[in-house]
């Protein structure tokens, strides 16, 4: 990792800048209510609600370090899939609401920090079913909760009235001259059509950031089953999370090349897109995605999970989220990994890990 700083040094670095057009946004993902961590702060078999409350406390501590927190983004998998031994999506969503409603940080305008949510593949599978047994077989509580929280429909969706094919969770936010698009799982053709309509109204030169659950090189299993009746079944194991019928073959082991190329073609038409943020793989990484044909370079930011981290699940000192800092005067964006449990016995300690800086100008 790059240079490591304690929260005390961070306070010296950032407090004076917090008043000069600098905005701070926290990014995390895959909070997975319903499962347990093997170990956390001296305890074994620790539930997601306990771990998430630790994460929330760390975000609150960060606010005391860098100043106002202008947004918190969670890119999906609020609830874990309700497979054997896992609680229902309804229980998970209620726990999530109870915990995250305690986030009391403030924005630069003195308002309560907004929480910007997206669904993940677990939330969606809970709603529409999965190719392995779940209990209950379907529970759309998490999807309905995310939809209601972010889109504020005139008639709130319930776990019975929510319709995954109709009720897409996608929306936009503008902050500090930056346009942020929040996408339903991955930028497939339907999402790209929605983005085109939105970007047509945007002032030329406005930088755009994309947020989604899935990695840019999307997995084949997320698409609609190309076989038989296109259903979700244990033989084919497609999950039908994206409406497009998979076009690269009949098996989930085949890479989704045609679908990725569609996204690459769209990106080439939209140079205002400066970065792509996502969860799903459960580790912190800053990287360039070059597409299946190595003909593009898209800055990407993969964020850790508090529950299922590729590395942090086994080493709790590696637990992290990301701090996105936008300098609205210079139009630059700095992304920092914030290690929020580097000293498990002292939750007040925050340390910086990896860091990178991008220009948001033309």
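Numbering (my numbering), first residue to last: 15 to 376. Note that CB positions come from ideal geometry on N, CA and C, so glycine has one too. All values derive from a computational prediction rather than experimental measurement.
Taking only three categories from DSSP, how would you classify residue i?
i, result
"residue 308", "coil"
"residue 114", "helix"
"residue 66", "helix"
"residue 72", "helix"
"residue 222", "strand"
"residue 322", "coil"
"residue 96", "coil"
"residue 375", "coil"
"residue 108", "helix"
"residue 213", "helix"
"residue 46", "coil"
"residue 336", "strand"
"residue 122", "coil"
"residue 327", "coil"
"residue 296", "coil"
"residue 56", "coil"
"residue 80", "helix"
"residue 341", "strand"
"residue 137", "helix"
"residue 367", "strand"
What number of angstroms, rounded off, separates the C-alpha of residue i from the C-alpha of residue j?
i, j, result
"residue 188", "residue 215", "13 Å"
"residue 256", "residue 237", "5 Å"
"residue 360", "residue 261", "51 Å"
"residue 91", "residue 309", "31 Å"
"residue 144", "residue 254", "9 Å"
"residue 191", "residue 203", "27 Å"
"residue 109", "residue 156", "11 Å"
"residue 220", "residue 133", "26 Å"
"residue 114", "residue 75", "15 Å"
"residue 125", "residue 241", "50 Å"
"residue 365", "residue 235", "37 Å"
"residue 325", "residue 103", "26 Å"
"residue 139", "residue 100", "14 Å"
"residue 223", "residue 40", "14 Å"
"residue 147", "residue 340", "44 Å"
"residue 45", "residue 56", "20 Å"
"residue 141", "residue 184", "17 Å"
"residue 213", "residue 72", "35 Å"
"residue 119", "residue 269", "42 Å"
"residue 275", "residue 59", "42 Å"
"residue 320", "residue 300", "18 Å"
"residue 323", "residue 293", "10 Å"
"residue 244", "residue 200", "20 Å"
"residue 87", "residue 342", "19 Å"
"residue 353", "residue 239", "39 Å"
Flag this pair as yes or no: are the beta carbons of residue i and residue j separated by less than 9 Å?
i, j, result
"residue 38", "residue 82", "yes"
"residue 42", "residue 318", "yes"
"residue 371", "residue 346", "yes"
"residue 350", "residue 330", "no"
"residue 377", "residue 172", "The requested residue 377 does not occur in the structure, where the chain is confined to residues 15 to 376."
"residue 295", "residue 327", "no"
"residue 278", "residue 306", "yes"
"residue 303", "residue 231", "yes"
"residue 298", "residue 68", "no"
"residue 291", "residue 315", "yes"
"residue 410", "residue 226", "No answer is possible for residue 410: it lies beyond the span of the chain, which begins at 15 and ends at 376."
"residue 250", "residue 266", "yes"
Could you check if residue i is buried or exposed, using at least 16 other CB atoms within 10 Å of its CB as the buried criterion?
i, result
"residue 94", "buried"
"residue 106", "buried"
"residue 161", "buried"
"residue 180", "exposed"
"residue 49", "buried"
"residue 311", "exposed"
"residue 169", "exposed"
"residue 264", "exposed"
"residue 211", "exposed"
"residue 151", "exposed"
"residue 149", "exposed"
"residue 158", "buried"
"residue 166", "exposed"
"residue 84", "buried"
"residue 62", "buried"
"residue 273", "buried"
"residue 116", "exposed"
"residue 111", "exposed"
Flag residue i as yes if its beta-carbon sits less than 9 Å from any beta-carbon of chain C, otherwise no.
i, result
"residue 286", "Absent from the structure: chain C. Only one protein chain is present."
Curious, which full-length alpha helix (DSSP H) runs of at least 4 residues does the stretch 139-207 contain?
155-165
Jot down the residue ranges of each uninterrupted alpha helix (DSSP H) in the stretch 226-293, minimum 4 residues, whole runs only, in chain order.
271-283
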